[in-house]
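S.K.: In order, the protein sequences belong to chains S and V.
665 is the number of the first residue of the first sequence in this note's numbering; add one for each residue after it.
23 is the number of the first residue of the second sequence in this note's numbering; add one for each residue after it.
Each residue gets a CB set at the ideal place from its N, CA and C atoms; glycine is no exception.
Take a look at this one; I'll ask things after.
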Amino acid sequence: MNLAKIIAAKELKGYFASPAAYIVLVIFLLLGGWFFASPLFLSNTSDLRSLFGIVPIIYLFFIPAVTMNLISREKSTGTLETMATFPINETQIIMGKFWASLCLIGIGLLFTLIHLITIMLLGTNIDYGAIFCGYIGLILLGALYSSIGLFTSSISNNPIVAFIISFFIVFFLFIIQYSLFFIPPFLAGFFQYISSGYHFDNISRGVIDTRNLIYFISGTALFLRLSITLLETRKWK
Amino acid sequence: MIQLTDLVKDYGNLRAVDHLNFEINEGEILGFLGPNGAGKTTTIRMITCFLTPTKGNISVGDLNVLDNPIEIKKMIGYLPEHNPLYTEMTVYDYLKFTAEIRGVLNFKQRLKEVSDKCGLHGIVSKSINTLSKGYKQRVGLAQAILHDPKILILDEPTSGLDPNQIAEIRELIIELGKEKTLILCSHILQEVQAVCDRIIIINKGKVVADGSAEQLQSSFQNRMKVNLELTATPEEIQEMAAALTNISVLSAKLKGEYVQVELEFDATADRRAEIFNYVKKKKWTLLEMHRENVSLEHVFRNLTIVEGGRK
Numbered sequence: 665m666n667l668a669k670i671i672a673a674k675e676l677k678g679y680f681a682s683p684a685a686y687i688v689l690v691i692f693l694l695l696g697g698w699f700f701a702s703p704l705f706l707s708n709t710s711d712l713r714s715l716f717g718i719v720p721i722i723y724l725f726f727i728p729a730v731t732m733n734l735i736s737r738e739k740s741t742g743t744l745e746t747m748a749t750f751p752i753n754e755t756q757i758i759m760g761k762f763w764a765s766l767c768l769i770g771i772g773l774l775f776t777l778i779h780l781i782t783i784m785l786l787g788t789n790i791d792y793g794a795i796f797c798g799y800i801g802l803i804l805l806g807a808l809y810s811s812i813g814l815f816t817s818s819i820s821n822n823p824i825v826a827f828i829i830s831f832f833i834v835f836f837l838f839i840i841q842y843s844l845f846f847i848p849p850f851l852a853g854f855f856q857y858i859s860s861g862y863h864f865d866n867i868s869r870g871v872i873d874t875r876n877l878i879y880f881i882s883g884t885a886l887f888l889r890l891s892i893t894l895l896e897t898r899k900w901k
Numbered sequence: 023m024i025q026l027t028d029l030v031k032d033y034g035n036l037r038a039v040d041h042l043n044f045e046i047n048e049g050e051i052l053g054f055l056g057p058n059g060a061g062k063t064t065t066i067r068m069i070t071c072f073l074t075p076t077k078g079n080i081s082v083g084d085l086n087v088l089d090n091p092i093e094i095k096k097m098i099g100y101l102p103e104h105n106p107l108y109t110e111m112t113v114y115d116y117l118k119f120t121a122e123i124r125g126v127l128n129f130k131q132r133l134k135e136v137s138d139k140c141g142l143h144g145i146v147s148k149s150i151n152t153l154s155k156g157y158k159q160r161v162g163l164a165q166a167i168l169h170d171p172k173i174l175i176l177d178e179p180t181s182g183l184d185p186n187q188i189a190e191i192r193e194l195i196i197e198l199g200k201e202k203t204l205i206l207c208s209h210i211l212q213e214v215q216a217v218c219d220r221i222i223i224i225n226k227g228k229v230v231a232d233g234s235a236e237q238l239q240s241s242f243q244n245r246m247k248v249n250l251e252l253t254a255t256p257e258e259i260q261e262m263a264a265a266l267t268n269i270s271v272l273s274a275k276l277k278g279e280y281v282q283v284e285l286e287f288d289a290t291a292d293r294r295a296e297i298f299n300y301v302k303k304k305k306w307t308l309l310e311m312h313r314e315n316v317s318l319e320h321v322f323r324n325l326t327i328v329e330g331g332r333k
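What follows is the structure, given as structure tokens:
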């Protein structure tokens, strides 16, 4: 079996071995459900736009919480030493943990399909393309935030510190597009480009543009690469 | 089997390991001694590819740590200091995970063998955080030997255990040492003396002694100390020392009808026969005569103590 897959399986099992994953998932689904259901009959449209509006906000807490322990705990308890002396390299460790986090997010998203079923039963003229794109966007956004969470988890030995730093990074990336009017015009384009919300909105509108894909994929790759490098530097310190 | 060449490790300005050179032969049980902070764990971590040397190299068989870390890691079983474990997992899950990562094929059979060896029966399905320290240590050892490695490295495997547990773990180590090249890192001298064929003592990142326990002791034994218990008076003992020449009386105490004597002389010649003959001539009754060995502790303290405390 692929080594990253073994790590991912172990981490995923670890999530469900403690109540933490259940609590996080329940909160995720409660919030998502509330914000989806409450405006449903008011807006009277059969789409998941309200869901796609709230999930990125829930992500801001959800993903840092899911990823904060991944590396920092291994460092603080010393298990990193056992892990790193297995015949495995740093890339496989980080990728394994990344997939575990993404899988947990995927499980959360899987449960939100109940909302899709609701509008399929109640609504008419459903734009399945837009919904499909929205989910793709949520997965890409989850991947980006997971890689950021992994990166901050590799910085600190303390999960709480890791949580706070990754929360600030993802919050910045999320909020920046709403604050563009504070930014000098010549920088506005740049800040708009680095804002995760901007790219997510484009995708969830039903347009998958390569620009947006490149943003998510390269951003995720960058933070994964940084995490791997951080994990490797322990050897040279 | 394992060759360290000019090994250096710096932590910032601190030189933890300073040009180490030694070889560990196949099948050897090596005791790696040194005071805390001497660089033992750092050296071990470089052998296990957890850290990379600042300078120098380590080769294991034909492989070296810079080019073939993965291959080397496959050959080594390692129990790190403080025995870190995934405490939220069960023993079974943890060993299963180890087996998967290590690519152990016949896991069921290995689990049985390892459980027999490490005495894990009855705790396999338990969660690791419910286990006692001794059992946790066994789980750590089981993890280290699960893939039947050629080289086994144990970093302070008995620290924090009670005397019974220490004895158990020590027996297990002796058992394992029969078939593997074993490095035992420790600062417990009796342990190393009881288990190891060869001892390397390091201090401040440098090798200060290398040899078997007996060799190390004899190199420190230029004066031989002999304890006697016999029927005589302290004055007569002084007379004996004067008559035999070059024997100093460290103490001579009367205890009931006997006198307890400590004698010391140059270790180049064994003078116990002379002493015995003198006692026989005087018709004293000799109850006890034995040579006192220089303890390994003495050797260790002499080699590693730094005047005015450690820098």
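Just to confirm before moving on: does the CB-CB distance between V/I173 and V/I24 stay below 9 Å?
M.R.: Against the second sequence, residue 173 of chain V aligns to sequence position 151. Against the second sequence, residue 24 of chain V aligns to sequence position 2. In this structure, V/I24 lies closer than 9 Å to V/I173 by Cβ.
S.K.: Quick one: measure Cβ to Cβ for V/L8 and V/D177, integer angstroms, because I've assumed they're closer than 8 Å.
M.R.: Residue 8 of chain V cannot be examined here, being either before or after the span of chain V that is shown, 23 to 333.
S.K.: Return no unless some Cβ of chain S is closer than 9 Å to the Cβ of V/D40.
M.R.: Taking the first residue of the second sequence as 1, we reach residue 40 of chain V at position 18. Closer than 9 Å: no.
S.K.: Would you check if there are 3 or more beta carbon pairs closer than 8 Å linking the segment 152-169 of chain V to the segment 106-126 of chain V?
M.R.: yes
S.K.: Could you give the DSSP three-state label for V/C71: helix, strand or coil?
M.R.: Here residue 71 of chain V corresponds to residue number 49 of the second sequence, with the count starting at 1. Residue state, collapsed to three classes: coil.
S.K.: Just to confirm, are S/A748 and S/L844 a CB contact at a threshold of 9 Å?
M.R.: Within the first sequence, numbered from 1, the residue matching residue 748 of chain S stands at position 84. Within the first sequence, numbered from 1, the residue matching residue 844 of chain S stands at position 180. It is not a contact, given that the beta carbons lie outside the stated cut-off.
S.K.: So if DSSP puts V/L252 in a beta bridge, which residue, or which two residues, is it bridged to?
M.R.: If you number the second sequence from 1, residue 252 of chain V lands on position 230. Paired residues: V/V281 and V/L308.
S.K.: Could you run through the segment 728-754 of chain S and flag, in chain order, every residue whose CB is less than 9 Å away from some CB of chain V?
M.R.: E738, T741, G742, T743, L744, E745, T746, M747, A748, T749, F750, P751, I752 and N753
S.K.: For S/A672, name the three-state secondary structure that DSSP assigns.
M.R.: Your numbering for residue 672 of chain S matches position 8 in the first sequence. It is helical.
S.K.: Taking 9 Å as the CB-CB limit, is V/K95 close to chain S?
M.R.: If you number the second sequence from 1, residue 95 of chain V lands on position 73. Chain S, which has a Cβ nearer than 9 Å to the Cβ of V/K95, makes this yes.
S.K.: What did DSSP end up calling S/S843 once you bin it into helix, strand or coil?
M.R.: What you label residue 843 of chain S is simply residue 179 of the first sequence in a count that begins at 1. The answer is coil: DSSP assigns S/S843 none of H, G, I, E or B.
S.K.: Counting C-beta neighbours from all protein chains within 10 Å, is the total for S/P683 16 or more, i.e. buried, or is it exposed?
M.R.: Here residue 683 of chain S refers to the residue found at position 19 when the first sequence is read from its first residue. S/P683 should be labelled exposed.
S.K.: Kindly indicate which residue of V/M262, V/P256 and V/R160 has the alpha-carbon position closest to the one of V/L276.
M.R.: Translated into positions along the second sequence, residue 276 of chain V becomes position 254. Nearest C-alpha to V/L276: V/P256.
S.K.: For S/A681, go through chain V and note every residue whose CB falls closer than 8 Å to its CB, in chain order.
M.R.: Counting from one through the first sequence, the residue named residue 681 of chain S turns up at place 17. Residues of chain V passing the Cβ test: E110 and M111.
S.K.: Suppose only complete runs of 4+ residues qualify. What are the alpha helix (DSSP H) ranges in the segment 691-760 of chain S, listed by chain order?
M.R.: 704-707, 713-731, 733-741 and 743-748
S.K.: Closer than 8 Å by beta-carbon distance: list the chain S residues that pair up with V/R124, in chain order.
M.R.: Indexing the second sequence from 1 puts residue 124 of chain V at position 102. Going along chain S in sequence order, the residues near V/R124 (Cβ under 8 Å) are F750 and P751.
S.K.: Looking at V/F119: is its Cβ nearer than 9 Å to the Cβ of S/K674?
M.R.: Against the second sequence, residue 119 of chain V aligns to sequence position 97. Against the first sequence, residue 674 of chain S aligns to sequence position 10. Result yes, Cβ atoms of V/F119 and S/K674 sit closer than 9 Å.
S.K.: Could you give the first and the last residue of the continuous beta strand (DSSP E) run that contains V/D232?
M.R.: For the purposes of this step, residue 232 of chain V is taken as the residue at position 210 of the second sequence. Taken as a continuous stretch (DSSP letters only), the beta strand (DSSP E) holding V/D232 covers K228 to G233.
S.K.: Need the endpoints of the alpha helix (DSSP H) that S/T874 sits in, please.
M.R.: The residue given as residue 874 of chain S occupies position 210 in the first sequence. Counting along the chain, the alpha helix (DSSP H) containing S/T874 begins and ends at T874 to T897.
S.K.: Does the segment 129-144 of chain V come within contact of the segment 87-100 of chain V, defined as at least 3 CB pairs closer than 8 Å?
M.R.: Too few Cβ pairs lie closer than 8 Å, so no.
S.K.: Can you give me, in chain order, the residues of the segment 172-191 of chain V that have a beta carbon less than 7 Å from any beta carbon in chain S?
M.R.: none
S.K.: Quick test of your reading: V/G56 and V/I297, contact by CB under 8 Å. State the CB separation rounded to the nearest angstrom.
M.R.: Residue numbering aside, residue 56 of chain V sits at position 34 when the second sequence is read from its first letter. Residue numbering aside, residue 297 of chain V sits at position 275 when the second sequence is read from its first letter. The pair is not a contact, with the Cβ atoms about 39 Å apart (cut-off 8 Å).
S.K.: CB-CB under 6 Å to V/S149, same chain, minus the five flanking residues each way: which ones, in chain order?
M.R.: As a working note, residue 149 of chain V is residue 127 in the second sequence. So the list reads T112, once near-sequence residues are dropped.
S.K.: Along chain V, which residues have their Cβ under 9 Å away from the Cβ of S/K901?
M.R.: The residue you call residue 901 of chain S lines up with position 237 of the first sequence. Within 9 Å Cβ-Cβ: Y33, G34 and L73.
S.K.: Mind listing, in chain order, the continuous beta strand (DSSP E) runs of no fewer than 3 residues lying wholly within the segment 142-200 of chain V?
M.R.: 173-177
S.K.: Determine the extent of the alpha helix (DSSP H) in which V/F44 is found, giving its start and end residues.
M.R.: Taking the first residue of the second sequence as position 1, residue 44 of chain V is located at position 22. It is not in any alpha helix (DSSP H) - V/F44 instead sits in the beta strand (DSSP E) that spans L36 to I46.
S.K.: So that I know if they touch, is there some Cβ in chain V lying closer than 9 Å to that of S/K761?
M.R.: Here residue 761 of chain S refers to the residue found at position 97 when the first sequence is read from its first residue. Chain V contact via Cβ: absent.
S.K.: Pairing CB atoms from the segment 731-749 of chain S with CB atoms from the segment 700-711 of chain S, are three or more of them under 8 Å?
M.R.: no
S.K.: Taking the alpha carbon of S/W900 as the point to measure from, which residue in V/D28, V/D32, V/T27 and V/L26 has its own alpha carbon closest?
M.R.: By 1-based counting over the first sequence, the position of residue 900 of chain S is 236. Closest option to S/W900, Cα to Cα, is V/D32.
S.K.: On a Cα-Cα basis, can you pick out the residue from V/K200, V/L52, V/R160 and V/K158 that is closest to V/D219?
M.R.: Within the second sequence, residue 219 of chain V is the residue found at index 197, counting from 1. The residue with the shortest Cα to Cα distance from V/D219 is V/L52.
S.K.: With a threshold of 8 Å, are at least 3 pairs of Cβ atoms found where one atom belongs to the segment 306-325 of chain V and the other to the segment 239-249 of chain V?
M.R.: Three or more beta-carbon pairs separated by less than 8 Å link the segment 306-325 of chain V to the segment 239-249 of chain V, which places the two stretches in contact.
S.K.: Is the beta carbon of S/G798 closer than 9 Å to that of S/Y723?
M.R.: Start at 1 with the first residue of the first sequence, and residue 723 of chain S comes out as number 59. Start at 1 with the first residue of the first sequence, and residue 798 of chain S comes out as number 134. 9 Å or more divides the Cβ of S/Y723 from the Cβ of S/G798.
S.K.: Going by DSSP, name the residue or residues bridged to V/A274.
M.R.: If you number the second sequence from 1, residue 274 of chain V lands on position 252. Paired residue(s): V/V283.
S.K.: Between which residues of its own chain and S/A729 is the CB-CB distance below 7 Å, once the five residues before and five after are set aside?
M.R.: Your numbering for residue 729 of chain S matches position 65 in the first sequence. Taken in chain order, the residues that qualify are V688 and F827.
S.K.: For V/N324, does the three-state DSSP call read helix, strand or coil?
M.R.: One-based indexing of the second sequence puts residue 324 of chain V at position 302. Three-state result, V/N324: helix.
S.K.: Out of S/I670, S/G678, S/Y679 and S/L712, state which residue places its alpha-carbon closest to the alpha-carbon of S/R869.
M.R.: Locating residue 869 of chain S in the first sequence gives position 205, counting from the first residue. It is S/L712.
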